[in-house]
Amino acid sequence: MNKKIILTLIAVVAAITASAQGRMDLRINEVMVQNDSNYVDQYDHRAGWIEIFNASHGTNGIEKMFITTLKPDIIQDYFKAEEQKSNKKRNQLLQELRDSRPSEIFEIPRGDVATKVKPRSHVVFFADGNIEAGTFHLPFTMNPGQENYIALYDVNGDLVDEVTVPATLPADQSFARCSEDSIDLHGSHNFESKLWQVCDGSSEAKAITPAKFNARPINNNIDMFKKDDPSGILLTLMSMGVVFSALLMLYIMFKLFGKAFTAKDKKKEDEVVDKAVDESTTEAAQEGSNDEAIAAICMALYQHLNAHDEESGVITIDHSHEARSAWGSKGNLLLRVPEHHDKH
Amino acid sequence: MVLLNIANNLEQFWHFTGFYNVTLEPSSLIMLCVGLLFIYLAIKHDFEPMLLVPIGFGILIGNIPFQPGNEIGIYEEGSVLNILYQGVRQGWYPPLIFLGIGAMTDFSALLANPKLMLVGAAAQFGIFGAYMVALAMGFMPDQAGAIAIIGGADGPTAIFLSSKLAPNLMGAIAVSAYSYMALVPVIQPPIMRLLTTKKERLIRMKPARKVSQTEKIIFPIVGLILTCFFVPSGLPLLGMLFFGNLLRESGVTTRLAKTASNAMTDMVTIVLGMSVGASTQASEFLTPDTIKIFALGFMAFIIATTSGVLFVKIFNLILPKHKKLNPLIGNAGVSAVPMAARISNDQGLKADPSNYLLMHAMGPNVAGVIGSAVAAGVLLGFLG
């Protein structure tokens, strides 16, 4: 019965884990709507592009994810309507929607190793309306002079990230996140315009950077400690505090455990002593053969005084030769003949 | 014509030999001597032979002069040595060693007297004291952190942290850490004697209580959760340490515990020691920074020992008379297991031939293993 419960629990946990295997740590990072003299594709053609950034520290496969220009209300309304009709999953529904509106939803194909995006790396899709050109070519184009909405959905059909590129974005300029460091993977994936800026290439901060970091990655910690704590006292105090706290917690925890277990052991011992002084046991001991009891007491004392490890507590006493020894019995000097037992 | 060809070939071969290449890199000879010294100390004087023999021989392997370009050297991509070195470079070996340490270590001495954990924590001041000195000597904070971890007296931890914070200094840091670990019997006793009075050295500690098997099983689980919630960056080391210990104490995975503590640890120790030794190529190793690292490492050991002993003395001021600790166990707060605990015992026996401190000193000693891994995690968290 217990096994069944455990197996059921494992199955439930596995199911939850499996359903959570989306790609929520990918982000739309930079977009260029009108590309007249900028980044070129493998055929030296220019088109608007969308850069996606893998913000995690592990390789992420983007195959079977969806890139779309459809506004979320259209997709959500479709989900709502279809979910009432059937119990189809969202990725199935998104695939159906893709089939009905192929120029607005693109499902990233499987089988191209380039769709495995390395940690903290970028991948660029060209919005040229020509999916025949390769994996990274989208079926739609973007509209200069108009607001362009782009969204990224994961393999489960859940929204991962979205961006609305302003209509005022000039040609050959990009709309980009100010810095990859501002990405909050645990926060909302809704578009926040304050984290974005128009990049015209006029300065390092406003550089157009397809397939590259928008802002140079820096290790703030080291610079901060170098500037604010040149002698290392602050870090020493903080670190010793953490080390002491961690071990202090362990100390308190095992002090309490120790007390609890000592009390439990004492209770057990008392019960054993009570049993030992039971009338019948006392009588049996008085009747003779108390050598075994003495051996057991000696063993217990030895263990109590000397040993840290808990032993089994089982003592085996062999009575077969107690009357004879090698000093007085010739038989004890000889090898014993194996006894033969017939099976009945 | 034939003779000319032979002469050309011989000249080419001559350029390929170590005899020729040593003239281009004569400092290799110094490193070869260092390697021989390590092997001598290990075999003749029994100084941490399990570590110094592989490291010493690794130094010989890494410093035989050769013509680069044939995928031979440890820094040449694709060479056998380079592949083995990836375990050091990427920090794979130290957690595996910690798995073995966990499977070997009996934490009952610590569980029987949990306040000894604080001694293990206090000795970690050796790390942070050395960090401050390293900063004063002009190292960058991340380099200073990597060097300072030598004070934890834990080779795998030193390798793990330096591979993350200062890979270019890893060879010097690892060799320094292992050298001073081997020299614990030389470095610690004078400091211990200097900081303690005769009366303190005679303190007899209360025999430890018996620890139940359930407590031993709970320890690695609670230990992991508590320490890693504080310092998740210490997870590779602490996770493996406590996992190894659970294998040992659970009672149902004896075979796994045996493999982890014997065959696996031996294999990783061999490869780790040899690769660390081979990474000390003269051109990379014989630099002014290496001398500074060795000086800082020595200082870190002194600070760690001092802080451990002084902490016990201060702690004794608040402990009741029958629960006083012998300050000679303070040195064991560094994680050189079980060498530091043995030093405590030896010094205790010198003061009183019937006062055995070994089991008492094992408490702070194993706490030091946890403490240094936590300290490494803290440094990685702040400076990584």
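First to last, the protein sequences are chains A and B.
So the first sequence is numbered by our numbering: it starts at 12 and just counts up by one.
So the second sequence is numbered by our numbering: it starts at 4 and just counts up by one.
Note that CB positions come from ideal geometry on N, CA and C, so glycine has one too.
This one's a predicted model, so the numbers in the text were calculated from it and none came from an experiment.
{"Asked": "Where the alpha helix (DSSP H) containing W17 of chain B begins and where it ends", "Found": "5-19"}
{"Asked": "Reduced DSSP category for G72 of chain B - H, G, I as helix; E, B as strand; rest coil", "Found": "coil"}
{"Asked": "Three-state class that DSSP yields for G371 of chain B in the structure shown", "Found": "helix"}
{"Asked": "Cβ-based burial, L7 of chain B [other Cβ within 10 Å; buried from 16]", "Found": "exposed"}
{"Asked": "Identity of the residues DSSP links to A373 of chain A by a beta bridge", "Found": "The shown model of chain A, from 12 to 355, leaves out residue 373 of chain A, and the question about it has no answer."}
{"Asked": "Beta-carbon proximity of R188 of chain A to N230 of chain A, cut-off 9 Å", "Found": "no"}
{"Asked": "Per-residue contacts from E252 of chain B into chain A (C-beta, under 9 Å)", "Found": "Those within 9 Å of E252 of chain B in chain A number zero; the least Cβ separation is about 11 Å."}
{"Asked": "Own chain, CB closer than 6 Å to H148 of chain A, minus 5 neighbours either side, in chain order", "Found": "F137, D139, N141, I142"}
{"Asked": "Q95 of chain A versus S190 of chain A: straight-line alpha-carbon distance, rounded", "Found": "41 Å"}
{"Asked": "Sufficient close CB pairs (3 or more, under 8 Å) joining the stretch 332-349 of chain B to the stretch 144-160 of chain B", "Found": "yes"}
{"Asked": "Residue from A:A306, A:N102, A:A257, A:A304 with nearest C-alpha to E74 of chain A", "Found": "A:N102"}
{"Asked": "Short Cβ contact (9 Å threshold) for A144 of chain A with I78 of chain A", "Found": "no"}
{"Asked": "C-beta neighbour in chain E for G311 of chain B, strict 9 Å", "Found": "Absent here is chain E; the protein component of the structure consists of chains A and B."}
{"Asked": "Runs of alpha helix (DSSP H) wholly within the stretch 86-155 of chain B (minimum 4 residues, chain order)", "Found": "96-107, 111-115, 119-125, 128-139, 144-151"}
{"Asked": "Beta carbon proximity, G127 of chain B to chain A, threshold 9 Å", "Found": "Note on identity: in this sequence residue 127 of chain B is Gln, with Gly being the wrong assignment. Yes, Q127 of chain B counts as interfacial toward chain A."}
{"Asked": "Closest residue to P52 of chain B among B:Q15, B:M342, B:L361, B:P367 (Cα-Cα distance)", "Found": "B:M342"}
{"Asked": "Enclosing beta strand (DSSP E) for C210 of chain A [first to last residue]", "Found": "207-210"}
{"Asked": "Status (buried if at least 16 other CB within 10 Å, exposed otherwise) for D276 of chain A", "Found": "exposed"}
{"Asked": "Environment of Y88 of chain B [buried if 16+ CB atoms lie within 10 Å]", "Found": "buried"}
{"Asked": "In DSSP terms, what K127 of chain A is bridged to", "Found": "A:G72"}
{"Asked": "Sequence-distant residues of its chain with Cβ nearer than 8 Å to Y54 of chain A (five each side left out)", "Found": "A144"}
{"Asked": "Candidates B:L322, B:L361, B:A354, B:V312, of which the one nearest A124 of chain B by Cα", "Found": "B:V312"}
{"Asked": "Interface residues of the stretch 118-141 of chain A facing chain B [CB-CB below 7 Å]", "Found": "none"}
{"Asked": "Contact list for D292 of chain B against chain A, beta-carbon separation under 9 Å", "Found": "Those do not exist, as D292 of chain B stays about 18 Å from chain A at its closest Cβ, beyond 9 Å."}
{"Asked": "Cut-off 7 Å between Cβ atoms - residues of its own chain near S347 of chain B, not counting five sequence neighbours on either side", "Found": "L331, I332, N334, A335, L360, A364"}
{"Asked": "Per-residue burial, P235 of chain B [other beta carbons within 10 Å of its own, 16 or more giving buried]", "Found": "exposed"}
{"Asked": "Chain-ordered neighbours of S67 of chain A on chain B, where CB pairs are closer than 7 Å", "Found": "Result: empty, since nearest Cβ-Cβ is about 16 Å, beyond 7 Å."}
{"Asked": "Under 7 Å from the C-beta of A274 of chain A: neighbouring residues of chain B", "Found": "Per Cβ cutoff of 7 Å: no residues; A274 of chain A is ~11 Å from chain B at best."}
{"Asked": "K163 of chain A in three-state terms, based on DSSP", "Found": "The identity of residue 163 of chain A in the sequence shown is Leu, whereas the question assumes Lys. Correct three-state label for L163 of chain A: strand."}
{"Asked": "Three-state secondary structure assigned by DSSP to A92 of chain A", "Found": "helix"}
{"Asked": "Distance between beta carbons of L55 of chain B and F41 of chain B, contact taken as under 8 Å", "Found": "5 Å"}
{"Asked": "Closest Cα partner of A354 of chain B within the set B:T257, B:T199, B:P323", "Found": "B:T199"}
{"Asked": "Rounded separation between D211 of chain A and S48 of chain A - CA only", "Found": "13 Å"}
{"Asked": "Among A:Q184, A:S204, A:T273, the one whose alpha carbon lies nearest that of S193 of chain A", "Found": "A:S204"}
{"Asked": "Range of the contiguous beta strand (DSSP E) that encloses M43 of chain A", "Found": "37-43"}
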